[in-house]
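Quick note, the first sequence lines up with residues -10 to 556 if you use my numbering. In what follows, a single structure is set out as structure tokens and then discussed.
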Amino acid sequence: MKLSNLIGQRIKEVPREAQTASHVFLVRGGYVRPVAAGIYSLLPLARRVTAKIEAIIRREMDSVGGQEVLLPVVLPEELWQESGRADAVGPELLRFRDRNDKPMVLGMTHEEAVCHLARTEIVSYRQLPCMLYQIQTKYRDEARPRAGLIRVREFTMKDAYSFHGSQDDLDDYYQRLHDAYARIFRQLGLRDVISIQSDTGMMGGAVSHEFMALADCGEDTLFISPDGEYKANREIAVSGLQFEREAPQPLRKVATPGRKTIEEVAAFLGVGPEHTGKAVFYLDHEDNLVFAMIRGDFEVNETKLRNYLGTPALRLADDAAIRACGAEPGYASPMALEPDKLRIVIDHSVAGSGNLVVGANEPDQHYCNFNFGRDFEDGEVADIATARAGDPCPVSGRPLQEKRGIEVGNIFQLGDKYTRPMGCTYLDRNGREQYLIMGCYGIGVGRSMAAVIEQCHDRNGPIWPAAIAPFQVHLCALNNRRPEVAAAADKLYDELLAAGLEVVYDDRNEKAGFMFNDADLIGAPWRLIVSPRTLAEGQVEFKTRDGSEQTMLPLAAVVNTLISRRD
RNA sequence: CGGGGCGUAGCGCAGUCUGGUCAGCGCGACUGCUUUGGGAGCAGUAGGUCGCGAGUUCGAAUCUCGCCGCCCCGACCA
């Protein structure tokens, strides 16, 4: 490719909307262009990178027996009615009607579509296990796209679906996919990709892992034990903190005028927040009131609470809803609630601690020395606390470290969540009809590309790992108006191409600095520079993008040197 | 969905408060000449319904109202 022909202008100035490294360089380097919020066109450079990522993924999926398919982007909503997700998912599922007024959706994931296929094509245990995968466009109408390709509405995803005759078989296959994922991300050049326990969310199922590329701009917060014994998303991470109950003191009401927040109350009474209890009220998807109580130094983990309650949605209750159950906002207490009007969930931190300051359920009053079990015993005790950095690991007891990560892939054990409602059955060896056991496995292609940039860049642009670089070699002809430079560079370009190397050739009549900055933005691993200066010695300058090497090569030896380094 | 910010040429911005030579600057693009090792110089050219729509006014990029879009934080997120 001659740079004079490449579509995708490099731009010097940082677009105002770009904040993260990958976003900045993808736009500045001419890889992507925004079309609408969270919707991007991929230009040739980006497409070359994603094609390589896809090839790596494809090879690994094939190696574990995957069969590639291509399912539709546009699906009849009735398929989603069958699975029950038409009602379960919110506005992120884009719905519309076709010309015959038939309800349709844009696929945001393809469990329904693959089940539609599987229920007619997989009929016998002899066909199992079976894994189908595709690399295809997804659409999710995200409320807030952000950070370039990190979080988008339209994106390319590899999604795979496996079918099994038993949970044991799924367990085995799940581990094989877990290993395949580790190989894929290693080949992409991502460092620090770790698999962590995660919430299964709307996908359902019992077991899931997320593959996180560690990066400061990542959207997810992870807790990791320093010994690697425990790795979990904050959404589900468990704190190993042990609670101690001191001897209960008599319950005592104290005036706390105007003090509503934990900070205000704790400061007013001269105690630490760990000696207080926090009351949080939620409404679930059916507007049922939920009272969650947690120690003041913790935060309620809404994912945990949602999972515990089995509700798909929670939102904070307004004051009117709180008063409706007899509680006083800001001074709410578990005592004197009306248990038949709401569900009460007590965190272990409250159940395990004694002598807490809690609301007295009337304005400007709190109780000291609240003890769960003595002063109040209704409600369900559960883990609804958000783990904190420094809390002990629940496995090893070492202090948990907090990291940020980009979720580049995930794997789920779905069981029969989809196969049962959608009637995906097969005949087992006894001729009995059984529901297929299912797993699903996703990798975000564009997000992976962005994650690589987040991890591999300098101030001038991406430093692509060779495996996914848009080009292997960036050839610059400095001062190419001189016939000998142009001739030598043209010849070298042809020879490199003939040798099977991927070359971008800067054949423009530009200043050196201009060319070098473009080369940095394109980020090819190797740079070759032909100039009057090098040609005077019969040489070409060779330089690696990461700056680790810079040397002169005899003109005649360039091609063979690069070939031997590539292989 | 809540909070904040922003929409003026492909990109980055000034101009808006205080209505009237304010349709401007830099980069980029195009032509020519010079230059050639980290985003060169000179000369010239093209490019904008000032997000959209109403309204106020003799006059609106500028004031008012409504709408749309985009970005950031939060909520949400298989």
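We put the CB at the ideal spot given by N, CA and C, even for glycine.
Under DSSP, P92 takes part in a beta bridge, and its partners are R86.
In the DSSP assignment, the residues bridged to N399 are E199 and G431.
Following the DSSP letters along the chain, one finds P543 inside the beta strand (DSSP E) bounded by residues Q539 to P543. Excluding its 5 nearest sequence neighbours in each direction, G73 has C-beta neighbours in its own chain below 8 Å: P410, listed in chain order. Apart from sequence neighbours up to five positions away, the residues of its chain that approach N498 with a beta-carbon distance below 8 Å are N469 and R470, ordered along the chain. For the 7 Å CB-CB criterion, T540 and F531 form a contact.
R393 carries a strand assignment under DSSP once its states are collapsed to helix, strand and coil. Its chain contains H463 and R516 as the residues whose beta carbon lies nearer than 6 Å to that of A508, once the 5 sequence neighbours on both sides are disregarded; these appear in chain order.
Between the stretch 104 to 116 and the stretch 58 to 72, the count of C-beta pairs closer than 8 Å reaches three or more; the two stretches touch. Remark: three or more beta-carbon pairs, one from each stretch, lie closer than 8 Å, so the stretch 372 to 383 and the stretch 218 to 235 are flagged as touching.
The DSSP-derived three-state label of S30 is strand. Between V13 and V3, the C-beta gap is smaller than 7 Å, which places the two residues in contact. Nearest Cα to R115 within the set I452, P92, G420 and L486: G420. Comparing alpha carbon positions, the residue from K392, G178, D161 and G54 closest to S214 is K392. In the three-state scheme derived from DSSP, where H, G and I count as helix and E and B as strand, W453 is classed as coil. L138 and R436 do touch by the CB rule: their CB atoms are close to 6 Å apart, below 8 Å. Looking at the backbone, the Cα of I124 and that of L179 are separated by about 20 Å.
For E131, same chain residues with a beta-carbon under 8 Å away, outside a window of 5 residues either side, are G27, E81, R140, V141 and R142 in chain order. For H167, the CB contacts under 8 Å within the same chain, skipping 5 residues up- and downstream, are S184, H198 and I400 in chain order. For the set G512, S385, G398 and Y407, the Cα lying nearest the Cα of C445 is the one of G512. Within its own chain, the residues whose Cβ lies closer than 6 Å to the Cβ of C357, once the five positions on either side in sequence are excluded, are R241, V243 and V346, listed in chain order.
Counting only the Cα atoms, M120 lies some 7 Å from G54. Under the DSSP assignment, Q123 falls outside any alpha helix (DSSP H), being part of the beta strand (DSSP E) whose first and last residues are C119 to Y128.
A buried status is given to F359, since no fewer than 16 other beta-carbon atoms sit within 10 Å of its beta-carbon. K41 places its beta carbon 7 Å or farther from that of I335. Between the stretch 312 to 331 and the stretch 265 to 279, the count of Cβ pairs shorter than 8 Å is three or higher; the stretches touch. When N89, E208 and D161 are compared, the shortest CA-CA separation from R133 is found for E208. L60 sits in coil when the DSSP states are folded into three classes, being neither helix nor strand.
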